[in-house]
Structure formats: C-alpha cells, structure tokens
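First comes the structure, then the notes that go with it.
See the structure below:
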C-alpha cells in the first residue's frame, strides 16, 4: 500500500490488537457509528482522511493491489464519487477509490438506520472499471479474492502454495499439502 498511499488508516472496533502490530505512522481509528458494519468503517476512514481520494480496502480482502488502486485512481475525476472494480460479473466496492465527501452520504444513510453497502452505492455517481481494463494494463484480478470463512482461507492458501510451487518448479504440485 505504501507504493501508492501517503496515508494509511486502519478502522477497527478495538484498536488495541493493532497498536504493537503496525508501524507508528499508520493511523488507527474507531467507528463513529458503532455496530453498523462496513459502512461505519468506511465513514470513519473517509471522514478523517487527509486526501480527497481514498482507497478503501476491506479487511476480508487479503491481496490488496497497489497497481489496481493506481489504475482505479487514473479513472477518478471530480465528477465521479467512486471508481469500483467490476470483476467476474460483480462489483468490489471494498477495493475502490472514493471521494472523501462520500462520508457525508454514508452518515446520512446510517442516520436513516440503513447500513447496507449496496444501497449506499445507489446514492453515488460511480463508475466501474472492468476486469478487461485491468488485464489490458497487466493488472491481475487476484485482489478480488475474499475470505469469509475458514474454508475460504484454506482454499486461498492452497491456491497460493500451488502457484508458488509452479513458479519454482515449473509444474503442478500433486502432493497433498494437508492444510
């Protein structure tokens, strides 16, 4: 992230576990709206951002891509609230570039009792950046992989290990990795 960001902020319900685990120049903040899910974290990060354009990455996305973020940023204009990856027939709003002013709209939505990310996108003037656009620029779409369960974790770990084996040895690993 440091290759494309001059500011990194972690939004967490409990900042304590991060205090000794991250560099001192990384800001750790808490939600203003508690128990409202991902939108409350986005609100906190956007509201306190120093930059006009903010790369938002979900905690369930283990492969953030600075190259993807820089490509998204290249399409962000003053007339667009957000640029969001559209990969494999779906939007990935938690790897998008947002205008900091979106914090106000999130706050309005949360004050209305609505914490759905999909409905927040309906309030924005956003554009999608297609999988084809990423691939044409040599940016793989691995950054869209997500972890929502232990099974997801093991599947991604095995895929990663298989890929590493192929890179090192030039063939498919037929051993049982046992994870």
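Residue numbers (UniProt numbering): 1 to 179. Think of the CB as a built atom: it goes at the ideal place given N, C-alpha and C, for glycine as much as any other residue.
Residue i classed as buried or exposed, judged by whether at least 16 other C-beta atoms fall within 10 angstroms
{"i": "residue 18", "result": "exposed"}
{"i": "residue 150", "result": "exposed"}
{"i": "residue 40", "result": "buried"}
{"i": "residue 137", "result": "exposed"}
{"i": "residue 76", "result": "buried"}
{"i": "residue 144", "result": "buried"}
{"i": "residue 96", "result": "buried"}
{"i": "residue 82", "result": "buried"}
{"i": "residue 69", "result": "buried"}
{"i": "residue 65", "result": "buried"}
{"i": "residue 179", "result": "Note that residue 179 has pLDDT 43, beneath the 50 cutoff, so the model's placement of it is unreliable and the number below is only indicative. Answer is exposed; the Cβ neighbour count stays below 16."}
C-beta atoms of residue i and residue j nearer than 8 Å
{"i": "residue 124", "j": "residue 71", "result": "no"}
{"i": "residue 126", "j": "residue 84", "result": "yes"}
{"i": "residue 109", "j": "residue 92", "result": "no"}
{"i": "residue 94", "j": "residue 38", "result": "yes"}
{"i": "residue 106", "j": "residue 46", "result": "yes"}
{"i": "residue 156", "j": "residue 15", "result": "no"}
{"i": "residue 11", "j": "residue 26", "result": "no"}
{"i": "residue 31", "j": "residue 21", "result": "no"}
{"i": "residue 88", "j": "residue 131", "result": "yes"}
{"i": "residue 148", "j": "residue 60", "result": "yes"}
Residues bridged to residue i [DSSP beta-bridge criterion]
{"i": "residue 85", "result": "129"}
{"i": "residue 54", "result": "98"}
Residue i at chain D interface by Cβ criterion, 8 Å
{"i": "residue 12", "result": "Reference to chain D is not applicable here, since this structure consists of a single protein chain."}
### Secondary structure, beta strand (DSSP E): runs of 3+ residues fully inside the segment 91-141
DSSP runs (the beta strand (DSSP E)) wholly in the segment 91-141: 95-99 and 126-130.
### Task
Identify every run of the beta strand (DSSP E) within the segment 6-31, keeping only runs that are complete inside it and at least 3 residues long; order them along the chain.
Counting only runs of 3 or more residues that sit fully inside the segment 6-31, the beta strand (DSSP E) segments are 9-11 and 27-29, in chain order.
### Message
If contact is defined by three or more beta carbon pairs under 8 Å, each pair taking one atom from either stretch, is the segment 97-107 in contact with the segment 46-55?
### Response
Result yes; three or more Cβ-Cβ pairs closer than 8 Å.
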